[in-house]
Amino acid sequence: MGAIVSFFERLFGQGKKKEVERFLRANDRPFNLSYQYADNSIKTSKYNIITFLPLNLFEQLQRLANVYFCFLMVLQLIPAVSSLSWFTTAVPLTLVLGITAVKDASDDINRHKNDRQVNNRKTDVLLDGELKEDKWKNVKVGDIIRLENNEFVTADLLLLSSSEPLNLVYVETAELDGETNLKVRQALTVTGELGDSIESLASFNGEVRCEPPNNRLDKFKGTLIYQEQSYALDNDKVLLRGCTLRNTDWCFGLVIFGGADTKLMQNSGKSMFKRTSIDHLMNVLVLCIFGFLACMCAVMAVGNAIWDSREGSSFQVFLPYEPGINAQLSSFLSFWSYVIVLNTVVPISLYVSVEIIRLGNSFYIDWDRKMYYPKSDTPAQARTTTLNEELGQIKYIFSDKTGTLTQNIMTFNKCSINGRNYGELFDFSGQRVEITAKTEKVDFSWNQLADPKFVFHDHSLVEAVREGTLEAQAFFRLLALCHTVMPEERSPGDLCYQAQSPDEGALVTAARNFGFVFLSRTPETITVVEMGRHVTYELIAVLDFNNVRKRMSVIVRDPEGKITLFCKGADTIIYERLHPSCGKLMKITTQHLNEYAGDGLRTLVLAYKDLDEDYVEKWKQRHHEASISMDDREERLDELYEEIEKGLMLLGSSAVEDKLQDGVPQTIEQLAKADIKIWVLTGDKQETAENIGYSCNMLREEMKDIFIISANTPEGVKQELETALRKMCPDAPDVPVVKKSRAGLLWMQTAQRVPDDKVDGDYGLIINGHSLAYALEKDLRLEFLRTACMCQTVICCRVTPLQKAQVVQLVKKYKQAVTLAIGDGANDVSMIKAAHIGVGISGQEGMQAVLSSDFSFAQFRYLQRLLLVHGRWSYIRMCKFLCYFFYKNFTFTFMQFWYAFFCGFSAQTVYDEWFITCYNLVYTALPVLGLSLFEQDVNDRWSFQYPQLYVPGQLNSYFSKKIFVRVMLHSCYSSLVLFFIPWAAMVDTVRDDGKDIADYQTFALLAQTALLVAVNFQLCLDTHYWTAMNQFFVWGSLAAYFAGQRETP
């Protein structure tokens, strides 16, 4: 098999050795072509005219049910086996396969059109010393191309030069990550000097060594070698395919990756396919049905053999066996004949009907005006149409805090500088004064560059800055220098900041109003207006922020030659790196931090360090070597950062406010009443998260206890967890009980479950990031899970994106409950993908969470409508559909089974052939779809008023293996009544002239009419919510049947 795969890989060009490093030379096509890099054409289509039919058919036959019905159709072509015409299976199968094929063909035609449109776009390429217009698909790696304003970026490019000052370009990355705010990219100074000179660009012969093609949108690692010098390349120097150039007249770029190698195409691969618990159950049930069908057919075959030995000889005179057929072979053939006759027990239209129902329920979410947010013109969106009913079974919700529960609109509120607290107002008696809309605001008219929208009330801070207090000025100098914000001056004095996060924007704006105005940056400098004086700092190094470091630093040299490192970050991280002399100031600052966190504010600690010139030069050289290294670049840089960010001097702390979204407390209260447990996973400090927990009604005063897990050792964490456990459930076993069971389609997998312990009352649990790291280790994770799941609310603080995903996976694996994760930022993507259902909030942090989600909307409060209304309705509709679908099909099949005892087990059918063909496709299809698309047990208002109605979905009360068996027994009873009452009424009945009233056709007509009326009557009994469509489908289907019988001669 491997040899065959290798052959086809070579045949289709896929057997190429995996690329480890990319090496290319500008303006040298022959050199670059020798590496056989992908060209710039793309292909997203799956089929062509020749391959469509065989390939699509092959894909559809991956479904077990389709293979089964193809096998049935082949059996029906064998006269010795089949008592039914071939079209009874061929028509439904062709219809099902045809509908799917038409849908796939339509999708692929659109993909072909899009591919042609993109590949034939035009761009300017530098060839043979002049710019020539060429198609995108003809662009090669190593070419230099020219882009103009509002043009799409042709390929992944190294930015060389641009029309803007400082070689800046502005790009919109909506097609890549959904974010519409402009991003700034900046070329190296050495390439920026090339400008738009065609002669200089044509003679450019720089060489690039970089990482191989990958899907990491936020990282790029490479080195430019030009004029015997090496320059580090990162993500800020690269324009990615899929971006759009904005506010930039022109720019030139060197093609690094083309076509299928671009990061856009590398990210277009298949995402993980999520399946609902009902999907898994249906697969198991269909497999059981196959087994049940085999048993029924075996009974029929044995019955045929017995009947043939006892009664069959009487018919040999006028119905002799065909040549070569004997009693044993006849019994064997009857088995396969009954496989055909009883095949309706495996519903061919089940999967198609399920997809139609899910699609319809997805449209209800898209069309729901009560989930539309007018301020941002954002409707709710079902991005995945296969998970609707799972929304009605959620037991655990994992939520981010910032931007999900809060608005993520930051305002600078308070700060602590050199041990003094600013931002609060006090009266003459020293009592704290509440700040209202009428409170006098600070006048910033003395600062011509101040932002008029900025509001602050504590006049003493302005006085401290204007009087020249060194610590206060150093505080705002740090805020003006240590960030990644890019300024845009729309008109003289009209500054606009492009910030990657609202926190940074708020802090830089605060520094601007207090007299330290960030004006511009280049790769080598940062220009600031300090109290009216322009000051340009030499930028020596930027020590980037990431979720592991949790801090950011810059190293700058002021005009007097003094070198300083400015650092800001999380308090726990900065405190570890402070100079011992800061102990007293640290205690005071910590008190202020706790006050800020108690008010629900987001805090950062600020520190600085003066550096020696000789040390910086040596460090800078090592930093340059690490930054151009292709091996272990991140690790080497982290070591250098760790080395220099020590012995810091504390300046103070900042506090920004992030208000709750509207309706969050009410939503959480409703979800708690629905017995949904809510876990908040946030990067904020414990006090901030705890305060928000109370504000959101997650933590309540009436809770019996709220446990805080904050130990710094595994033993301490274990002790705190055990203490909490014993308080909630004194009788709980010492070791968590893990129940194992068989799972999977063929019961080949082992499922593990930690059962819930009974707890009297509501509890809450708060755990810190360092404690959580120990709790997630192998020895403690089940203890943590057991204790946490006893609590109604769990808040995890200072967690990393990886820890968020680990917590979700832990609950998902051992609780066997349906989980939902909701977030708004890129740091929530791993959590969203790990949960059964991911929900993205389209807020202030871009669209990366939305793009990875299954459902999206603009406000957290819409979650209660998504679950309590749409989720519950979808679950009820799907369960009713499955129960009724299996009921009508089993009833239909059981009547065939009973008839076998009256026809000598000859595989004769009790129904007319056209009735068999149309039963699932015409007579019963629309009524059950009407039930499945419009059913409501109660309306949305009652769903909100009684959230406890949601609980049955969590317990799988409406459809399970037990319910399925009950449906089978109901079908068996119905079929007995529907078969034997007409039979008993007609068996010995004669007309006045002594002739029999009934013949085979008359009985078949009576039996199928009784069946159709009965299953439709059952549907009416199952329907709680009648609409005009339901009425039309039910009575229309019956009318179609009786009209068809009237036309039959």
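Residue numbers (this note's numbering): 2 to 1050. Positions of the beta carbon are idealized from the N, C-alpha and C atoms, including for glycine. Because the structure is a prediction, the values reported are computed rather than measured.
For Val353, the enclosing alpha helix (DSSP H) covers residues 351 to 368.
When Cβ pairs closer than 8 Å are counted between the two stretches, the stretch 409 to 417 is seen not to touch the stretch 880 to 898, the count staying below three.
Taking C-alpha positions only, Leu225 is separated from Tyr36 by approximately 18 Å. For Cys298, no beta strand (DSSP E) encloses it; the enclosing alpha helix (DSSP H) starts and ends at 278 to 311.
If you keep only unbroken alpha helix (DSSP H) runs of at least 4 residues inside the stretch 717 to 784, you get 770 to 776.
Taking C-beta atoms under 8 Å as the contact rule, Asp504 and Val657 qualify, at a distance of about 6 Å. If you check the CB distance, Asn514 and Phe427 do not come in under 8 Å.
One thing to note: Phe457 has its Cβ no nearer than 8 Å to the Cβ of Val486.
The alpha-carbon separation between Lys442 and Phe258 amounts to approximately 53 Å.
In the displayed model, Leu450 falls within coil according to three-state DSSP, outside both helix and strand. With fewer than three CB-CB distances shorter than 8 Å, the stretch 852 to 867 does not count as touching the stretch 894 to 901. Straight across, the Cα-Cα distance linking Leu34 with Val21 is about 17 Å. DSSP assignment within the stretch 65 to 136 yields the following whole alpha helix (DSSP H) runs of 4 residues or more, N-terminal first: 65 to 77, 88 to 120.
For Pro488, the secondary structure class from DSSP, reduced to helix, strand or coil, is strand. Remark: C-beta atoms of Asp1023 and Leu932 approach each other more closely than 8 Å.
Trp984 and Tyr815 have their C-alpha atoms some 54 Å from each other.
Bounds of the alpha helix (DSSP H) holding Ile964 are 962 to 987.
The residues Gln753, Arg754, Val755, Leu783, Tyr815, in chain order, have a CB closer than 8 Å to that of Val739 in the same chain once the five nearest residues on each side in sequence are set aside. In the DSSP assignment, Met266 falls within the unbroken alpha helix (DSSP H) covering 264 to 267.
For Leu480, the three-state secondary structure derived from DSSP is helix. Cβ neighbours of Cys583 within its own chain (closer than 7 Å, five residues either side excluded): Met650, Leu651. When DSSP states are grouped into helix, strand and coil, Lys619 belongs to the helix group. The shortest CA-to-CA distance from Ala188 to any of Thr174, Ser198, Asn168, Asn206 is the one to Asn168.
Straight-line spacing of the CA atoms in Glu914 and Leu1006 works out to 11 Å. In terms of CA proximity to Gln937, His1025 leads the group Leu1012, Ala986, His1025. Assignment of beta-bridge partners to Val185 by DSSP yields Tyr171.
When secondary structure is reduced to three states using DSSP, Gly193 falls in the helix class. A distance below 6 Å between beta-carbons, with the five flanking residues on each side excluded, links Arg878 to the following residues of its chain, in chain order: Ser933, Glu936. Contact between the stretch 937 to 952 and the stretch 1039 to 1047 is absent: fewer than three C-beta pairs spanning the two stretches fall below 8 Å. Residues of the same chain with a CB within less than 7 Å of the CB of Leu773, apart from the 5 flanking positions on each side, are Cys797, Val800, Gln804 in chain order.
Annotation: Gly469 to Glu165 spans about 37 Å, alpha carbon to alpha carbon. Counting along the chain, no alpha helix (DSSP H) covers Asp237, and no H or E run does either. Bounds of the beta strand (DSSP E) holding Ala542 are 534 to 544.
With a beta-carbon spacing of about 39 Å, Leu726 and Ser655 fall beyond the 8 Å limit used to define contacts. Excluding five sequence positions before and after Gly599, the CB atoms of its chain that fall closer than 7 Å to its own CB belong to Glu688, Asn692, given in chain order.
In terms of CA proximity to Leu241, Ala261 leads the group Val557, Gln230, Tyr232, Ala261.
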